[in-house]
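Visitor:
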Amino acid sequence: MGDMELIVDFYKDYERLGPGSHAETGKALKLGGILPSKDLQIADIGCGCGAQTLDLAKLTHGKVVAVDLFPEFLDKVKTHAKEMGVEDHINTLQCSMDSLPFEEESLDVIWSEGAIYNMGFQKGLQAWNRFLKPGGIIGVSEITWLKDDRPEELEKYWNGAYSEMFTEDVKREQMKQSGFELLGTFTLSEESWKDNYYKPILKHLPDFISRHKADEGAKALVDEQRQEIELFNKYKDYYGYVFYIGRKI
Ligand code: SAH
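Residue numbers for the sequence shown follow the working numbering, beginning at 555 and rising by one.
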């Protein structure tokens, strides 16, 4: 199997492909001052299997376009939307986040939980800004250093994994420079990592391993995942996912 196929096979059965929770999506929507309306046009970029897409539809009553690179994830979004009775509020779009087809100033809300890193935080903010109406709201969660001094082992791992691993003050400044007024930030809870993201992964790892026994790529993916979880357990006070909520100026 190729790397991408393995990633899809690894993640397709999880509700979440990154840290998050229903309560925190709701909290971020509140910080954005988003009032329910069936007229809201929302894009959920890098939606994965759609945990937050469903929340966006349920809580805002608006129209949500769920965007992801992988059709397997979008199929899950469609299935879940039907199960929850919100299929009339959700459309899916298979597309890369760096070539979105939205019209300029056509969206009220842009949402992206644990996904903008695929493009880079600032690059994503700058590219997506033009799709928002003036005064439109952006909500993105992004991995962030929570302390200025970090253990070398941790710094090395994350700087190798993501070139924009910065502290919150740097990210806040990047939001401003990308044309957004910051409305609020908060750090996702430990449960959002442990219970909602890592626990299901650990539960299904043995099954994934037995499905891909002789596959070196699968072994590397599992090792990488285990290392990430080990580092989280050891150093979780030093970094976290921060939700950044802003308004287009
Ligand atoms: N928001 C979801 C998924 C986060 S994981 C959640 O919190 O559960 C990141 C998601 O971004 C994955 O679903 C992945 O398929 C998607 N992705 C990765 N690169 C992408 C790209 N270039 N364009 C669109 N989506 C992308």
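Glycine included, every Cβ here is placed at the ideal spot set by N, Cα and C.
1. Using DSSP with H/G/I as helix, E/B as strand and the rest coil, what is G800?
2. Tell me whether the beta-carbon of G668 lies closer than 8 Å to the beta-carbon of G800.
3. Output yes or no for whether 8 Å exceeds the beta carbon distance between V618 and A611.
4. Sort out for me which residues DSSP pairs S591 with in a bridge.
5. Tell me the start and end of each unbroken alpha helix (DSSP H) in the region 560-625 that is at least 4 residues and wholly inside, in chain order.
6. Are G586 and G678 closer than 8 Å when you measure CB to CB?
7. So if DSSP puts Q648 in a beta bridge, which residue, or which two residues, is it bridged to?
8. Taking C-alpha atoms, which residue in R704, P625, D563 and A582 lies nearest to D791?
9. When every heavy atom of the ligand SAH is checked, does at least one fall within less than 7 Å of the C-beta of L571?
10. Report all residues from its chain with a CB closer than 7 Å to the CB of Y716; omit the five preceding and five following residues, and keep chain order.
11. Can you tell me the Cα-Cα spacing of L608 and K773, whole angstroms?
12. For R684, would you say it is in contact with chain E, using Cβ-to-Cβ distances shorter than 8 Å as the test?
13. Please say whether A597 and R570 have beta carbons closer to each other than 8 Å?
14. Between M555 and the ligand SAH, is there a pair consisting of the residue's CB and a ligand heavy atom that are separated by less than 7 Å?
15. G690 by DSSP, collapsed to three states: which one?
16. One question on the structure: do L623 and S650 come within less than 8 Å of each other, judged by their Cβ atoms?
17. What I want to know is whether the C-beta of S575 ends up closer than 7 Å to one or more non-hydrogen atoms of the ligand SAH.
18. Between the Cα of G600 and the Cα atoms of G674, A577 and L560, which residue gives the shortest distance?
19. Answer yes if the region 745-765 comes into contact with the region 719-731, meaning at least three C-beta pairs across the two stretches below 8 Å, and no otherwise.
20. Can you give me the start and stop residues for the alpha helix (DSSP H) that F656 sits inside?
21. Between which two residues does the alpha helix (DSSP H) harbouring L775 extend?
22. Quick one, which of F685, S660 and E782 has its alpha-carbon nearest Y711's?
23. Nearer than 7 Å: is that true of the beta carbon of Q595 relative to any heavy atom of the ligand SAH?
24. Less than 7 Å between the CB of A620 and some heavy atom of the ligand SAH, yes or no?
25. Assuming the contact rule is C-beta atoms closer than 8 Å, K701 and L661 should be a hit. Round their C-beta distance to whole Å, please.
Guide: In terms of the structure at hand:
1. Annotated three-state conformation of G800 is strand, per DSSP.
2. In this structure, the beta-carbon distance from G668 to G800 does not fall below 8 Å.
3. V618 places its beta carbon less than 8 Å from that of A611.
4. S591 is bridged by DSSP to nothing; it lacks a bridge partner.
5. For the region 560-625, whole alpha helix (DSSP H) runs of length 4 or above, ordered along the chain, are 576-585 and 605-614.
6. In this structure, the beta-carbon distance from G586 to G678 does not fall below 8 Å.
7. Within the DSSP bridge table, the entry for Q648 names D622 as partners.
8. Looking from the CA of D791, the closest CA among R704, P625, D563 and A582 belongs to R704.
9. Yes.
10. Here the set comprises Y671 and I697.
11. If you take the alpha carbons of L608 and K773, they lie about 33 Å apart.
12. Any reference to chain E falls outside this structure, which holds one protein chain only.
13. Result no, Cβ atoms of R570 and A597 do not sit closer than 8 Å.
14. Distances between the C-beta of M555 and the heavy atoms of the ligand SAH are all 7 Å or more.
15. The DSSP-derived three-state label of G690 is strand.
16. In contact: L623 and S650 (Cβ atoms closer than 8 Å).
17. Answer for S575: no, Cβ out of range of the ligand SAH.
18. Closest in C-alpha terms to G600, from the list G674, A577 and L560, comes G674.
19. No contact exists between the region 719-731 and the region 745-765.
20. For F656, there is no enclosing alpha helix (DSSP H), as DSSP marks it with neither H nor E.
21. L775 -> alpha helix (DSSP H) spans E770 to Y789.
22. When each option's Cα is compared against that of Y711, the closest is E782.
23. Q595: no, Cβ never under 7 Å from the ligand SAH.
24. Every heavy atom of the ligand SAH is 7 Å or more from the Cβ of A620, so no.
25. 35 Å between Cβ atoms; not a contact.
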